[in-house]
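For reference, the structure discussed in these notes is given below.
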Amino acid sequence: MTPRLSLSAIRHSFGSTLVLNGIDLSIAPGEMVALMGESGSGKTTIGRIVAGFIVPEEGVVCLDGDRVAGDGRFVAPERRGVGVVPQEGALFPHLSVAANVGFGLARGGERARRVEECLDLVGLAGFEQRRPHELSGGQRQRVAVARALAPEPRLVVLDEPYSGLDASLRRTVSDQVATALRAAGATALLITHDASEAFRTADRVAFLDAGRLVQVGEPSDLYGRPTDLRAALAAGTAALVPAQRCGASLVCSFGELPLDAVGYVSDIPSGVLVLRPWQVDVTVDASGGVEVLDARPDTDTLWLSVDVAGERVDLGTGRSAQDVENLGAGTRVRVMLTAAAAYLPRSPLD
């Protein structure tokens, strides 16, 4: 199947600063891919190249197999069939919701039908005559999504569309938008720094670090089988435990783990185990070889600083915050690691 979007060997600089370095990425028709990375990683630049707002210095961009940028060819943004939802929504304040959604459509009865259809998709049927100032932030973003979907684009680029919303509203709106995109059968590139948002709504996640794609896969791959330390940390809460390869095992403060039981093993002699809270089991045991130095509850995770043979190690565990009373400083405990869920990613932070 021909990819809806294909990026091949994309490189781009701003002045002397290289911001994209050899980007290769494809998106299948109907697929939603989240492009995740820290500020300055180059993710918004990729979105702008896809939309046609930036001409890449090197590489090729194709939509449905048609070259739209690269090798001496450039197709203007308005001729690409790419819808864009910017961070701030960018609605026209003097136009009604219906006029905003139908702005890029030819006038006529079909236009009114399509506007109604798109507003229904995003859960805003009946809002046609309202003005942007009469809407909440989440409603304005959903109108922006409806406007992007109205011309039936080949691809929708969403550039951190929920960054201006309160945390409590982000999840609701992002879920509503994802549902609308899937109902429309849209192909989408979601640009975000929010792992929860990316993992919850996307079919695949591409993690970008300093202009390079370091891992692309299903959300479960980045969370459970990371191949890069920064990607692993961006994917969610984790403790880092130094480890070394020794024959067929990994040796760390808590003992040995057989290599064949570890989810991902780098070829370096020493690195770290990336442990998620649910991969660590802590049990009070007077004869245990680990002493608790400090216990700190943090929402659904209990963070422990423990002493293992004179070495201080910070761990997160899924135990209840009420366990703080039982795991005070000086408590002897036994720490068990879930071997099948332990990892030794490559370590660019070492």
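Every letter in the sequence shown is one number past the one before it in my numbering, and letter 245, counting from 1, is 632. Using N, Cα and C, we set each Cβ at its ideal position, and we do this for glycine too. Please read all numbers here as calculations on a predicted model, not as lab measurements.
| Contact between the segment 535-543 and the segment 495-511 (3+ Cβ pairs under 8 Å) | yes
| query | In whole angstroms, what is the alpha-carbon distance linking A618 and Q602? | reply | 7 Å
| For A554, the first and last residue of its enclosing beta strand (DSSP E) | Taken as a continuous stretch (DSSP letters only), A554 belongs to no beta strand (DSSP E), being part of the alpha helix (DSSP H) at A554 to A570.
| said: Quick check: the segment 389-402 against the segment 426-445, are at least 3 beta-carbon pairs closer than 8 Å? | reply: yes
| query | What first and last residue would you give for the beta strand (DSSP E) that runs through D411? | reply | T404 to I414
| Looking at the unbroken beta strand (DSSP E) that takes in A630, where does it start and where does it end? | A626 to C633
| The alpha helix (DSSP H) spanning A456 covers which residue range? | Where A456 is concerned, there is no enclosing alpha helix (DSSP H), although the beta strand (DSSP E) it sits in stretches over D453 to G457.
| Cβ neighbours of D737 in the same chain (closer than 6 Å, five flanking residues each side left out) | A caution first: D737 carries a pLDDT of 47, below 50, which makes its placement in the model too unreliable to give a value.
| field | Limits of the beta strand (DSSP E) - the one that F401 falls within | value | L392 to F401
| Which value, in whole angstroms, describes the spacing of the CA atoms of F514 and V420? | 30 Å
| query | What's the C-alpha gap between V448 and I410? | reply | 10 Å
| said: I'd like to confirm the pairing. Which residues does DSSP put opposite P684 in its beta bridges? | reply: L689
| message | Looking at the ligand GDP, does it come within less than 7 Å of V448, judged from the CB to the closest heavy atom? | response | In the structure shown, the ligand GDP is absent, as is every other ligand, since no ligand is present at all.
| task | Look at the Cβ atom of V669, then the Cβ atom of V628, and state whether they are nearer than 8 Å. | result | no
| Which same chain residues, not among the five before or five after G572, have their C-beta less than 6 Å away from its C-beta? | G417
| said: I need the boundaries of the beta strand (DSSP E) containing R467, first residue and last residue. | reply: First-last for R467: undefined, no H or E at that position.
| Could you give the uninterrupted runs of the alpha helix (DSSP H) lying entirely in the segment 494-565, keeping only those of 4 residues or more? | 496-508 and 524-536
| task | Could you tell me which residues DSSP pairs with F641 in its beta bridges? | result | Answer is none; F641 lacks a bridge partner.
| field | Cut-off 6 Å between Cβ atoms - residues of its own chain near S657, not counting five sequence neighbours on either side | value | Q631
| field | Limits of the alpha helix (DSSP H) - the one that G697 falls within | value | Note, G697: premise wrong, no alpha helix (DSSP H); not H, not E.
| task | Over the uninterrupted beta strand (DSSP E) stretch that includes I578, give me the two end residues. | result | A575 to T579
| Close beta carbons around S483, own chain, < 8 Å, minus the five adjacent residues each side | E515, Q516, R517 and R518
| task | Return the CA-CA distance between V700 and V693, expressed in angstroms with no decimal places. | result | 5 Å
| query | With distances taken between CB atoms, is the gap from Y610 to A622 smaller than 8 Å? | reply | yes
| Distance between beta carbons of V488 and A533, contact taken as under 8 Å | 5 Å
| message | Determine whether the beta carbon atoms of V364 and A493 lie at a separation below 8 Å. | response | As displayed, the chain neither begins before 388 nor continues past 737, which places residue 364 out of reach and without an answer.
| task | Measuring alpha carbon to alpha carbon, tell me which of R591, A477, L552 and C639 ends up nearest A415. | result | R591
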